[in-house]
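Asks:
Residue numbers (the numbering used here), protein chains in the order written: chain S, 19 to 248; chain C, 3 to 506.
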């Protein structure tokens, strides 16, 4: 059996000693994000062509400019100026980052979008797809050249389900991971099947001396530091 | 099923991340999975190739093969699901199980449900939980409410990527082909009506499709499984259970260690017996808690739980009131006129802007002429190529030497500035030697080094003259001993004859 549990994250230790866990994204959501962006781009081009059509020669120039900007600048501008996400990536909850965990900059973004034209080869993104399948951090060739990767934008976990119980102090010391598990139980207990919630609470009943779900939730409320209003 | 041995990091994830995790599970055991996959599919593909070669039913065989694809899902699922709970993948046992697994509960998937949009996501329900009929439907509803749409996404990505890989490989082969073959091959390959293709082309087409499918099908199964596992992790809080059990285990180990210490140090504590009892109870809890019956109970209740039933059936159309749009009446002509007018105005503005830009550019160029004019002057080649003469006392520059060196030296001498006269004579002679005879001087050359350099590149007569100049200078410079006027006049008189010839 492998020592480490399988996960989709790529871990970085920063110089400050903080460990960052970046959930790396593979080709499925990226394909869909690409598709959304493609739809947006071609819609813009279509609109531009309609406008250009009634404007004669000046319109042709306008059309060429629009095509140029959409082709070369769309991705770069969005990635650098909007938190590493084009609209398509935003919808899918993705984000481009540098490999060292910093926000992507001009050079990284420009390189990864220039090399896109190699990823597309020989048609239908064959090279890019193979590169994502085979590379460790799921990078296409452009990502490898620009030292970037695509991650899932971390979501805020659901909070605020602990309002209904009054906090009770814990009777025994717990490690941070253990406290996290208790809080997670407190927050999610309401979403679980009641039987299942009771069953989970029973597991650590020998520690809390109480098998009820509500007691465990009140401990969770105490851990997150909620004050008793009364 | 034992959650303690789980080999992936369990936590509630986003759906795409969960699908990704499934893909990683496939990649982790790619060796076993592909051995089983090829064992299952290669015979079928070989058979198809034969059918294609000998009959005209190749297309039908391919359709049949494609329809039977769900059969291969089961054995792949078996490998990754067992690995999930800590069982090492073993190719042999998996190959043995292929026949019993492959057909399990497959009637559903081989019916028109073959076209199910989220097959790989729902496959674990029939394959691993073994549910059929109404129970399968209830379960599919519970899970589907959460992950059906992403399951459809996985299927869509899979189908399109198979197509993309297939097209990509064909284009790659086309690109790498010698030009002479390219045209005939291309014509054969892309011929509109496939009955004109050769058998060889048809079979290579089949092989390329098969390779594309092989690359992605295990990923498809894995991604669906990932979605399924994530859904159950959320519904049943698997991650919390694992964390709680670890917590209990840690305490039990601590308590056991503590009671051992107490025994060693023979400290009589009243709670001693009680402690071991608690520890015993805990180990009992850890080992024997999770029986099969208990496992199934919450599973089923998840399926039938009413609170989780978020479905509402609506069987009539409801009108959604939209805010009324403002009426805008433009006749076609007015629109056209408007746009044409706009275009003209904009183009006039842009044209003026362009002309103004051009004028500004010209102005900038004119104003900065002092900066760029020097670059346009014809290059003074002579000056550029003039060698640098650097003596021990400093550089000798052409500018500081007079045009007629002997004459100015003589006049300096007559004015009584004798030392200066000799210095000028020396420096001028060295400079002339360098420019006229291509004497190469080392940097910061001393007098003797100059003599040696001159001796190397000129004849004896020149060298002798050079020596006379140098010795006159040395005696003045280092011994403060002036030569007589006759010697200096002789040097100045002879000077032109030594350098003039070459000068012209």
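We put the CB at the ideal spot given by N, CA and C, even for glycine.
What did DSSP end up calling residue 57/C once you bin it into helix, strand or coil?
Replies: Three-state DSSP puts residue 57/C in coil, outside helix and strand.
Asks: Residues of chain C with CB under 8 Å from residue 111/S, in chain order?
Replies: Simply 16 and 18.
Asks: Look up residue 447/C in the DSSP assignment and say whether it is helix, strand or coil.
Replies: Three-state DSSP puts residue 447/C in a strand.
Asks: Does any residue of chain S have a CB that is nearer than 7 Å to the CB of residue 250/C?
Replies: Residue 250/C counts as touching chain S.
Asks: Along the chain, where does the alpha helix (DSSP H) containing residue 203/C start, and where does it finish?
Replies: Looking at the DSSP string, the run of the alpha helix (DSSP H) that includes residue 203/C is 201-238.
Asks: Starting from the Cα of residue 160/S, find the closest Cα among 173/S, 103/S and 126/S and give me that residue.
Replies: Of the candidates 173/S, 103/S and 126/S, the one whose C-alpha sits nearest the C-alpha of residue 160/S is 126/S.
Asks: Return the bridge partner residues of residue 31/S from the DSSP annotation.
Replies: Beta-bridge pairing links residue 31/S to 37/S.
Asks: Around the Cβ of residue 317/C, are there at least 16 other Cβ atoms within 10 angstroms (buried) or fewer (exposed)?
Replies: It is exposed - the Cβ of residue 317/C has fewer than 16 other Cβ atoms within 10 Å.
Asks: Can you find the residues in the same chain that come closer than 7 Å, C-beta to C-beta, to residue 231/S, ignoring five residues on each side of it along the sequence?
Replies: Within the same chain, residue 231/S has close Cβ partners 207, 215, 216 and 219.
Asks: If you run the structure through DSSP and keep just helix, strand and coil, what is residue 115/S?
Replies: Residue 115/S falls in the strand class under three-state DSSP.
Asks: Got a sec: is the Cβ-Cβ distance from residue 271/C to anything in chain S below 7 Å?
Replies: Any reading at residue 271/C is ruled out, since the residue's pLDDT is 45, under 50, leaving its predicted position unreliable.
Asks: Which runs of the alpha helix (DSSP H), 4 residues or longer, sit entirely within the stretch 333-419 of chain C?
Replies: Counting whole runs of 4 or more residues, the stretch 333-419 of chain C contains the alpha helix (DSSP H) stretches 334-369, 371-378, 383-387 and 407-417.
Asks: Check residue 54/S in the structure and name its three-state DSSP category.
Replies: Helix.
Asks: Say whether chain C places a C-beta atom closer than 7 Å to the C-beta of residue 72/S.
Replies: For residue 72/S, the answer is yes, since a Cβ of chain C falls inside 7 Å of its Cβ.
Asks: In whole angstroms, give me the CA-to-CA distance for residue 487/C and residue 403/C.
Replies: So the two alpha carbons sit approximately 22 Å from each other.
Asks: Using the Cβ count rule (16 or more neighbours within 10 Å means buried), how would you classify residue 200/C?
Replies: Per the 10 Å Cβ criterion, exposed.
Asks: Does residue 234/C have its Cβ less than 7 Å from a Cβ in chain S?
Replies: Not one chain S Cβ lies under 7 Å of residue 234/C.
Asks: Whose CA, out of 61/S, 49/S and 99/S, lies closest to the CA of residue 88/S?
Replies: Considering only alpha carbons, the answer is 61/S.
Asks: For residue 49/S, decide whether its Cβ has a neighbour in chain C, counting only Cβ atoms nearer than 7 Å.
Replies: True, the Cβ-Cβ gap to chain C drops below 7 Å.
Asks: Whose CA, out of 199/S, 241/S and 227/S, lies closest to the CA of residue 12/C?
Replies: Taking only the C-alpha atoms, the option nearest residue 12/C is 199/S.
Asks: Compare the Cα-Cα distances from residue 495/C to each of 407/C, 374/C and 451/C and report the closest residue.
Replies: Of the listed residues, the one whose Cα sits closest to residue 495/C is 407/C.
Asks: Which residues does DSSP pair with residue 169/S in a beta bridge?
Replies: According to DSSP, residue 169/S bridges with 42/S and 113/S.
Asks: With DSSP collapsed to three states, give me the class of residue 471/C.
Replies: In this structure, residue 471/C counts as helix in the three-state DSSP scheme.
Asks: Reducing DSSP to helix, strand and coil, say where residue 169/C ends up.
Replies: Helix.
Asks: Find the residues of chain C that neighbour residue 140/S, judging by a C-beta separation of less than 7 Å, and give them in chain order.
Replies: Near residue 140/S (Cβ distances below 7 Å), the residues of chain C are 170, 173, 174 and 177.
Asks: For residue 23/C, go through chain S and note every residue whose CB falls closer than 9 Å to its CB, in chain order.
Replies: Correct list: 24, 25 and 26.
Asks: How long is the line joining the alpha carbons of residue 88/C and residue 52/C, rounded to whole angstroms?
Replies: When rounded, the distance between both Cα atoms is 41 Å.
Asks: Name the residues in the stretch 186-204 of chain S whose C-beta lies less than 9 Å from a C-beta of chain C; which are they?
Replies: Those would be 190, 192, 193, 195, 196, 198, 199, 200, 202 and 203, in chain order.
Asks: If you count every other CB in all the chains shown that lies within 10 Å of the CB of residue 2/C, and 16 or more means buried, which is it?
Replies: Any property of residue 2/C remains undetermined from this structure, which presents chain C solely from 3 to 506.
Asks: Does residue 242/C have its Cβ less than 7 Å from a Cβ in chain S?
Replies: Closer than 7 Å to some Cβ of chain S, the Cβ of residue 242/C qualifies, so yes.
Asks: List the residues of chain S that residue 349/C touches, going by C-beta distances under 7 Å, in chain order.
Replies: Here the neighbours are 76.
Asks: Identify the residues that DSSP records as bridge partners of residue 10/C: which are they?
Replies: According to DSSP, residue 10/C bridges with 24/S.
Asks: Which of helix, strand or coil does DSSP assign to residue 187/S?
Replies: Three-state result, residue 187/S: coil.
Asks: Would you say residue 225/C and residue 156/C are within 7 Å of each other, going by their C-beta atoms?
Replies: Contact flag set, yes.
Asks: Do we get a CB-CB distance below 7 Å when we pair residue 235/S with the residues of chain A?
Replies: In the structure shown, chain A cannot be found, because the protein chains are S and C.
Asks: Considering only the beta carbon of each residue, do residue 239/S and residue 185/S sit closer than 7 Å?
Replies: Yes, the Cβ-Cβ distance between residue 239/S and residue 185/S is below 7 Å.
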